[in-house]
Amino acid sequence: MSDSIAPQSNVQLPDTLKRSITVFRRRLWTLKLWEASALAVAGVLFGFFFVFIVDRFVDTPAWIRLLILIGSLAVLLVVPWAIYHWIVRRRTLHQVAELLTTTRPAIGDRLMGVIELADNVDEQGRSPRLVRAAIDQVSDDVDHADLRHAIPHPMHGQRSLTAAIMLIGLGCLTGISAAATGNAWSRYLTPWSDVSRFTFTQMEPLPDQMIVAHGEAFDFDVALAGSTESRPEIATARLADGQQTASIDDEGYHFHLPGRYQEGALELSAGDYRGATQLVPVTRPELADIEATIHLPAYLQRVEPIIQTLRGGSLSVVRGSQVELQVNTSRDLRSADINGSPADVSGHAFEVPPQSVQSPSRLTLSWRDVHNLQPAQPFELQLTDVNDAAPTVTADGLPRHQVLLDSETIAYTAYGRDDFGIRRIGLLWHHVDDEGNLIDGGEKVIAAGRPDADLLEATGTFTAKDLERRFDRVAVQLYVEDFLPNRERVLGPISVFDVLTADEHAIWIANQLARWQRQSLDVRDRELKLYQKNSELRRLSKEQLNAPETRRQLQAQARAERANGHRLNRLVGEGESLLAQAMRNPEIGVGHMESWAEMMQVLKDISGNRMPSVADLLRKAGESESLSRSDAARKRLTAGKNRVNQSGKSESDQEDEGDPPAKAPGVTDVESTQLDLSEQKQPKSGPKKASSGRLSLPTTRLAGNAVSDQEPPESEPQENEIDEAVTEQDDLLAEFEKVVGELDKLMANMEGSTLVKRLKAASRKQDAVADQLTSVSQSTFGRDASEAAEAGATLSELSEKLTGYRTDVSYIMDDMDAYYERSRYVQFKTVLDEMRSEDVTGALGQLSNDVVDQSGISIAMAEYWSDTLDRWAEDLVEPSISGSCPGGKSQKSLPPSIVLEVLQILEAEVKLRESTREAQQARPDLDADDYHQRATNLAVEQADLRNRTDLVSQRINELPDAGEHFVKELKKLTSVSIVMTEAVGILATPETGSEAIAAETEVIELLLETKRMCQGGGGGGGGANPGGGGGGDTDVAALALVGAGLNANEVREASRTETNTGNSGTPLPEEFRSGLDQYFHQIQQWNASP
């Protein structure tokens, strides 16, 4: 509808009325738009003030700020609503009149009516005058009415005031802190942005996560930012288990907070500032280890550095060394410093620059990990320079004082020790004058060392032939040199030898024999007195014998008898030692030695059998009323050591066969075995032909698995043949009695002459170690510390012994390898390959290290290697295929003097091999001329032994029927002579290496063949082949029984090994062995602690 009346209308609204309504409408529009605008301004400012005020206390969350912004935007919608509601919908007179009907009904209704009349033509047609009069009347009333108060609900004043107050407040805030106001507007208008809350108190930013030392109190410092507008006097730090306050101090706050064990939040408040960080407890970076690379001084000639891991605070090195350190920590590092200087860091480690150690110094090491943690205290490492210690040298086999034939060779082992390598080991000899002064004589190098040879073990020999001229008394001593320049050589103990010619030695032996005889007569006189006293007691009556006094006398007589037996036994040992020296002198008559041997043998039988028996009878007599006698059976005479304790038929079986002929003494060394011979198949045996055996060249026999395929002869011996055998054997025994004692002693020294015997000896040594370890474990378990300390000393001695045993096995392998290169015997190669695959030397070396700390396991390992070495010795010998040691026709026997000469050649060959090894050891330290001279001397000695061997062959050929009876012996000696000739050529090259050692080893093997003896039936085959034959009567001289061997009373049993490692002694459960190891290990740690 328009503001004018329709054209067809005759009556129009007055201009004054129209003007009044227009003024009212304009005022309505203005006020209502004003109200809406004021409300919008107030709403926006309200949101701002809300955010501003809340931010003063807390950090208003973004979602709340977003809701406030949405609310403010909603308030702004009141403006378009006001425009639409008050302007768009209040444009016409009719719309304004309609509004007035609500606010001023009296005027509004009348105004509505006249507006409708003016628009209604029909009504005007009835009475125009009345219509105009009504319109005029209303117009006049409107003109006189105050329509300013007709506006509905005017709130423009309140809203304007509110908006004005807020604007004033905004202005004030802006004046006070424009930054705070701007920050509030930013956070209010852009709640999604990362705008930090403005605080009047501003701190330096806190990290999201703070790493602290685990369980340790820590300092927490926070500083006020430079832009802070407030500096509160107090700040508060809150933890899960409490809070702590701190006063402002130098533009910040310092807190000392308790240690944390778990992660947790740390909240900080100061004034309107609120901050938080996450505390993460982490252990400090600890030192893992320090790897020291030590470059020794140049004079030590060590190319490779020494790598040493340190876990302590000190390192001692030889003066002049260069030390490089790599420090490894438990965590990746950020930085490190050495004595305050920064160091290069790589991961969890850093390196210390090379340090030249000339004097004591100290390094202070510190580091900081990726969490900015550092050790509680810097690590201090003390570097100490030490002097290059002087070497030491000891010897095994060099006596302090001994009589030496001018043709005799002394073999010994030298041990040199040094901290940083040995240059050489040698031997000095001096002439000793009548006043005891030492006059320089000469020297020779025994072995050349190496820069890395901390322990050098070398075999050496000494003979009067080494001297440029003969001296009556010679003092020898070992010397050792290390690599330190200008250091004097270190000397070992002095050994004095009285060098005698054969004649002088014979005189000395005669004097010693006289002294020995006087001592034996003294023992005899003591025994006669005891015999007389025993005879007196024997004649006492029964009542007197039962008297307490008589019984005490019997007990005293028993003790005296036993003591005299010990005295005589010791005397016999001295006699055997003297006899061994006498046997080396060709000038001493066999008849003289025979007389002495007869006396010694009788005394040996008395001290070993009869005197202990008498002592036992006297002891029993003191306890009972009756006495008994026991007759000792006579044994078959055998030179050599029988370690098997297994013979043919028993004595009871042989008693029924009649009196056999006298048995020829056997020159046989019967080796022990750990095989269970009782489980081996025994050959069928029938009646054996009685035989006296034969005396031949020496052999080594092994108990084995030979089975006879021959049926024993069943014919009975003829009378005339037995008479002839007894007559001939009487002559043989008369000669053998003169030398059988030396034969026995020489056979006892053959342990190292053949590879089989050397392996057997190594096996027995390991078995002895196992027994000793078992004894130590049983005697010290659960005992006090003093006894445990004694056990520790014993174990240390065992460890040193095992080191020497490892060297012995190494020499065996070297000799076996060289011997195989010459002989090409398959069994030697097989055993050698197995020894290498088992790494026996490395295992024995490890055993020497483990024996102290792990005695339980060491027992098992020693038993295992004892069994293994014994098995390898068995494998070297092929089973015999000669049958069951047939008896039958008695063969001719070699004269004992010939056999003795062969054994002396064998002993000399063994010493020659040791001298060859010594020359090879010293070769790197010798010039060409000296080495050539040594090799030439060895070649001369080898040629001399070959000539002696040829002479033995010539003597055998001169025997009656030698071509019939001694074919094997002659063939063997011919082979020996051929190999000796080869050895002479090798040594003269000159060459003392493996080729020469191999040739000498082959000579030794040929001189002493190893065969497997037959098991089972006895009777047949006596003499040198002890396959059977029990006891029997013999009338050989006492010399045949001299020197029963080092272990004549040894009893070897079948191994009870149940597993690869075996058992020894009383079996211990595995769990007990483990406990024993831990027990001794803890004892050692306890003893080592201060």
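Everything in the sequence shown is counted per full-length UniProt numbering, starting at 1 for the first residue and increasing by one.
For every residue, glycine included, the Cβ atom is placed at its ideal position computed from N, Cα and C.
- Query: Where S314 and R806 are concerned, what is the direct C-alpha to C-alpha distance, given to the nearest angstrom?
  - Reply: Taking the Cα positions, S314 is about 34 Å away from R806.
- Task: Would you list the residues sitting across from L404 in a DSSP beta bridge?
- Result: In the DSSP output, where bridge partners are listed per residue, L404 has V499.
- Message: Can you give me the C-alpha to C-alpha distance between R231 and S346, rounded to a whole angstrom?
- Response: Each residue's Cα considered, the two are about 44 Å apart.
- Message: Within the continuous beta strand (DSSP E) that includes I248, where are the two ends?
- Response: First-last for I248: undefined, no H or E at that position.
- If you count every other CB in all the chains shown that lies within 10 Å of the CB of E991, and 16 or more means buried, which is it? E991 is buried by the Cβ-count criterion.
- Return the CA-CA distance between L568 and V984, expressed in angstroms with no decimal places. Cα to Cα, L568 sits roughly 47 Å from V984.
- Query: Are D472 and L404 touching if we call contact CB-CB under 8 Å?
  - Reply: Cβ atoms of D472 and L404: not closer than 8 Å.
- Provide the residue span of the alpha helix (DSSP H) that contains M861, from first to last. That run of the alpha helix (DSSP H) goes S855 to D875.
- Task: Hey, could you find the ends of the beta strand (DSSP E) G460 is sitting in?
- Result: Unbroken beta strand (DSSP E) run through G460: L455 to T463.
- Message: Mapping the DSSP letters down to three states, classify W192 as helix, strand or coil.
- Response: Here W192 carries a coil assignment [DSSP, helix/strand/coil].
- Taking the alpha-carbon positions, what's the A818 to L1006 distance? About 15 Å.
- Item | Residue of V78, D839 and T384 minimising C-alpha distance to V357 | Taking only the C-alpha atoms, the option nearest V357 is T384.
- Message: Only counting the same chain, and skipping five residues up and downstream in sequence, which positions put a Cβ closer than 8 Å to that of L333?
- Response: Excluding positions up to five away in sequence, the list reads P285, V345, G347, H348, A349, F350, W367, R368, D369 and V370.
- On a CA-only basis, which of Y253, Q519 and E267 is nearest Q243? Give me that one, please. For Q243, the nearest C-alpha among the options comes from E267.
- Task: State buried or exposed for T936, treating a residue as buried only when at least 16 other CB atoms are found within 10 Å of its CB.
- Result: Exposed, by the Cβ-count rule.
- Item | the region 840-852 / the region 796-804 touching (three or more Cβ pairs under 8 Å) | Verdict: yes, contact present.
- Task: Only counting runs of 4 or more residues, tell me where the alpha helix (DSSP H) segments fall wholly within the region 902-961, in order along the chain.
- Result: Qualifying alpha helix (DSSP H) stretches, in chain order: 928-957.
- Item | Proximal residues to S810 (C-beta, below 6 Å), its chain only, five neighbours per side dropped | Non-local C-beta neighbours of S810 in its own chain, meaning closer than 6 Å and more than five positions away in sequence, comprise T841, ordered along the chain.
- Query: If you draw a straight line from the C-alpha of L945 to the C-alpha of N957, how long is it?
  - Reply: Counting only the Cα atoms, N957 lies some 19 Å from L945.
- Grouping DSSP H, G and I as helix and E and B as strand, with all else coil, what is G259? Three-state result, G259: coil.
- Message: Looking at F966: is its Cβ nearer than 8 Å to the Cβ of L894?
- Response: It is a contact, given that the beta carbons lie within the stated cut-off.
- Message: Could you give the first and the last residue of the continuous alpha helix (DSSP H) run that contains D833?
- Response: From DSSP, the alpha helix (DSSP H) with D833 extends over V826 to E838.
- Message: I'd like the list of long-range same chain contacts for G320, defined as Cβ closer than 6 Å, with 5 residues on each side in sequence excluded.
- Response: Excluding residues within five positions, the ones whose Cβ falls inside 6 Å are P297.
- Query: Taking C-beta to C-beta, are A42 and A82 nearer than 8 Å?
  - Reply: Using a Cβ distance threshold of 8 Å, A42 and A82 do not count as a contacting pair.
- Query: What three-state label does DSSP hand M203 in the structure shown?
  - Reply: Reduced to three states, the DSSP call for M203 is strand.
- Run through the region 366-445 for me and flag every whole beta strand (DSSP E) of 3 or more residues, listed as ranges in chain order. Segments of the beta strand (DSSP E) lying fully in the region 366-445: 379-386, 392-396, 401-405, 409-417 and 422-432.
- For V303, three-class secondary structure by DSSP: DSSP places V303 in coil when its eight states are reduced to three.
- Message: Just to confirm the assignment, what range does the beta strand (DSSP E) spanning I68 have?
- Response: Counting along the chain, I68 falls outside any beta strand (DSSP E), though it belongs to the alpha helix (DSSP H) covering A62 to L76.
- Message: Assuming E995 is part of the beta strand (DSSP E), what are its boundary residues?
- Response: Careful: E995 lies outside any beta strand (DSSP E), inside the alpha helix (DSSP H) at S994 to L1007.
- Query: Among residues of its own chain, excluding the 5 on either side of D59, which ones have a beta-carbon nearer than 7 Å to its beta-carbon?
  - Reply: Closer than 7 Å at Cβ, skipping near neighbours: R197 and R274.
- Bridge partners of P281, per DSSP? P281 pairs with V212.
- Query: In angstroms, rounded to a whole number, what distance separates the CA positions of G71 and G47?
  - Reply: Straight-line Cα distance between these residues: approximately 8 Å.
- Per-residue burial, H295 [other beta carbons within 10 Å of its own, 16 or more giving buried]: Burial is judged here by how many other beta carbons sit within 10 angstroms of a residue's own beta carbon; H295 has at least 16 and is buried.
- Item | Reference V445; option with closest CA among F49, V496, W63 and R489 | Closest option to V445, Cα to Cα, is R489.
- Neighbourhood of R260 by C-beta distance below 7 Å, restricted to the same chain and skipping five residues each side: Counting only Cβ-Cβ distances below 7 Å, and skipping sequence neighbours, we find V212, L279 and P281.
- Message: Just to confirm before moving on: does the CB-CB distance between T228 and D272 stay below 8 Å?
- Response: No, these two residues do not count as a Cβ contact at 8 Å.
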